[in-house]
Each structure stands twice: as C-alpha cells, then as structure tokens.
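Below is one structure; the comments refer to it alone.
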Amino acid sequence: MDEPILPELPDDLGDLTPAIDGSPASENTTGPDHGAVMIAAFEGWNDAGSAATSAVLHLTEVLGGHKVDELDPEDYHDFQVNRPVVSTDDDGRRVLTWPTTTVSVAELDGRRFVLVHGIEPSMRWRTYCKELLGIATRLGVRTVITVGGLLADVPHTRPIPVSATSEDPAVQALLGVEQSSYEGPTGIVGVLQHSAQEGGMRALSLWAAVPHYVAHPPSPKATLALVVKLEDLIGVHVPLGDLVDDARAWEHGVDELAEEDEEIAQYVAQLEQAKDTVELPEASGEAIAREFERYLRRRERGDQPGEARRGRPGSKDGGGHAGTPRGNVAGPSSPDTEVPAAPEADGPDEPGADGREDAGPEA
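Each residue of the sequence shown is one higher than the one before, starting from 1 at the first, in the UniProt record's numbering.
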C-alpha cells in the first residue's frame, strides 16, 4: 500500500489563472486590476472529512490571511443545531464563541485572496449568499471558487480524485468540463456558486472524493489534494507545511485499522483493483511535466516539512490529530451518512467520476 501521497492532477484541469484573471493566457498578469479570488468552504453537508474547511484554514494560515469581516449568526443559524461554544481565555474569563462565517484577506504577489470559512446556515440562504457576495464585491472579487468534500467509493491508498465543475461556459471550455446534469437536493456550496454566476462573477467548484469507509475528520490526504489543486488554479505557491506528513500518517493509520478486519481489507483491495483497472498504465507527458515543475519550484524555495506551520488544520479549531482517524473504519455497507455520499449540481455527475455508479444527492 505504498502509493504516492500527492494527488493525481488530471490533464483537463490545467492552470485556471487565465480564467481567474479574465484575460487570455498570453495576456495573463498577476496585478490586482484583474480582480480578487474568493475561496470558500463550509462545515456540514458539503464537507466530508472536514477536507474542504481544513484546506481553507490551511490557506488562511500559510498565506497570512487576516479577518476583515464576519456575518451575524443571529440571522442565519439555529443555535439548537449549531450551538455556541463556551471556553476560558488566558485571563480565566468565560468566553462565548458563536457559530458564524468569517471573511479573511491575504495579499500575495500583487494578488488578493478572500478566504471564507463558515458553517452551512440553517435558514435564509438567499439572503446569506447576497450578503456574502456583497462583501466579496466590496473586496474586488471577480472569481469565486467553492470547495467541498464528498463521500465516494474510492480507496484510501490511491491519490484522492479532485473534480471541477462550473456553470460558466468560459470556465467550462478552459477546463474541458460540462455543466453538471444532476437534479436533486443541494447545499450552500451549490447555492453560492449559482448566485455568484448569476451575479456576473466567474464561479467554479472543486470536490475531493473522501473514502466513505473512513469519513470521520480529519482527512488530511483529501485536504492535501484540494490544496495542491487550488495552488495550480490560483497560480500562487502555497507552502504545504505538515500536510504531506499528516496525509502519510493518516493513510498508515487507516491501513492498520483496515488490516484488523478481513472484510474491510478485502473491500479496500476491490476498490484498488477497480481504480487501477480504469486508469491508464502511465501518466501523460503533460501531467509528468507539471508535477516535475512543481517539484523544482519547491526545491528552489527550500520548502521543508513543517514550514509555516503553527497549527494543524485537521479540526474545526485548527487543532486535532491528523495521524489515525477517530473511531473505527466503517464497513463497506455502512458509510457515514452525515455528509453527502455522491455529487450534485456543483459536483461531478458522470458515472464513475466519484467512484459510484448510483450517484445520489450530494452537497
């Protein structure tokens, strides 16, 4: 089970920088006049394994993001569903932390990145999206990237698949993807993407497929896959910190748990065989070149594991253990159903795109 940790990078998901900047590749620049990029993730139905929110928390940390705004939770949350948390500060005082959506800004290489982390609201979704996109407009956002995680029949021992979808014809043409044909329940990620598109912004969604039999957070291997793909899309170097080590430790932890159950071990082997059967025997030249270029960039910058790492974005508070998943590995017939188990309007919808033939409602 010694497979590579870094995620696969499909050829049809090239560099999105031209689409983000709104200019042809030959005219692409990184100046602020080309608009800011919003990257948003939400805890809840769209966040299998906390992979998406952990990716945004990681970006906020390593890019030096600072909070500039937040939404009033009174308008959007049922506090019996998402309760406030009481804690004690360094001075011994009791502090209440309310569930909310925070907006942070990071400036890097002349580019502005607006990073949104929140909890899927309980009510008033249209008003919620309108307020959030209003903040985005004031901050100069022209492109919105929503990030999600979905449960799928994929083995934990293989690179985590990351898929992209968009309602924008220009983005569809650039990425070589079609608009999803899924019809059914959606999450706040789907509503926000649709609202951004309707408001004249470029909008797309990234989805990481999380193995359904190990759905409990954290899921650092899926987080790593999303961060690497986002790095490609936004065209900015993102330090990986401990994500690679965390992903390797997580995989080994799942290996150990799976080996204790013969049924699970056989199921994982079946998933591996199915995955390997449908893939090409070797990567394309373009994919190899892109991966080698990334390696050289990191080598030139002298990146080391653990750099720029102050916390571990494997849980809601940025802490948490990223080695072995909490709890037991779920059996093949009992996936965690608290998060979506298949793609939806803003996720991949073709059979096999997420490893499932019977795709149902998802985020």
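Using N, Cα and C, we set each Cβ at its ideal position, and we do this for glycine too.
For residue 203 against residue 193, the beta-carbon gap comes to about 5 Å, under 8 Å, which counts as contact. The residue from 185, 100, 134, 106 with its alpha-carbon nearest to that of residue 119 is 100. By the neighbour-count definition (other C-beta atoms within 10 Å, threshold 16), residue 109 is an exposed residue. Each residue's CA atom was taken as its position, placing residue 42 and residue 69 some 16 Å apart.
Here the alpha carbons of residue 95 and residue 207 stand approximately 35 Å from one another. Counting the other CB atoms within 10 Å of its CB gives residue 77 a total of 16 or more, which places it among the buried residues.
If you check the CB distance, residue 40 and residue 139 do not come in under 9 Å.
Here DSSP, grouped into helix, strand and coil, assigns residue 210 to strand.
Less than 9 Å separates the beta-carbon of residue 234 from that of residue 145. For residue 218 and residue 147, the gap between their C-alpha atoms comes out near 16 Å. By the beta-carbon neighbour count (other beta carbons within 10 angstroms, threshold 16), residue 54 is buried. With fewer than 16 other beta carbons inside 10 angstroms of its own, residue 87 counts as exposed. Around the Cβ of residue 201, a 10 Å sphere holds 16 or more other Cβ atoms; the residue is buried.
The alpha-carbon separation between residue 246 and residue 277 amounts to approximately 28 Å. Excluding five sequence positions before and after residue 226, the CB atoms of its chain that fall closer than 7 Å to its own CB belong to 51, 52, 55, 147, 162, 206, 208, given in chain order. In the three-state DSSP reduction, residue 97 falls in the strand class (E or B).
In its chain, beyond the 5 residues on either side, 58, 220, 223, 224, 227 have a beta carbon closer than 8 Å to the beta carbon of residue 243. By the Cβ neighbour-count rule, residue 117 is buried, with 16 or more other Cβ atoms within 10 Å of its own. Between residue 165 and residue 90, the alpha-carbon positions lie close to 44 Å from each other.
Three or more Cβ pairs drawn from the region 253-272 and the region 150-157 lie within less than 8 Å of each other, which places the two stretches in contact. Assigned with DSSP and collapsed to three states, residue 183 falls in coil, not helix or strand. DSSP, reduced to helix, strand and coil, places residue 142 within a strand of the structure shown. Residue 248: member of the alpha helix (DSSP H) spanning 243-259, first to last residue. Sixteen is the threshold: since fewer than 16 other Cβ atoms of the shown chains lie within 10 Å of the Cβ of residue 127, the residue is exposed.
With a beta-carbon spacing of about 13 Å, residue 137 and residue 37 fall beyond the 8 Å limit used to define contacts. The continuous alpha helix (DSSP H) containing residue 196 extends over residues 188-198. Buried is the label assigned to residue 212, since at least 16 other Cβ atoms lie within 10 Å of its Cβ. Here DSSP, grouped into helix, strand and coil, assigns residue 71 to coil. The three-state secondary structure of residue 50, taken from DSSP, is helix. One alpha carbon belongs to residue 232, the other to residue 238, and they sit about 9 Å apart.
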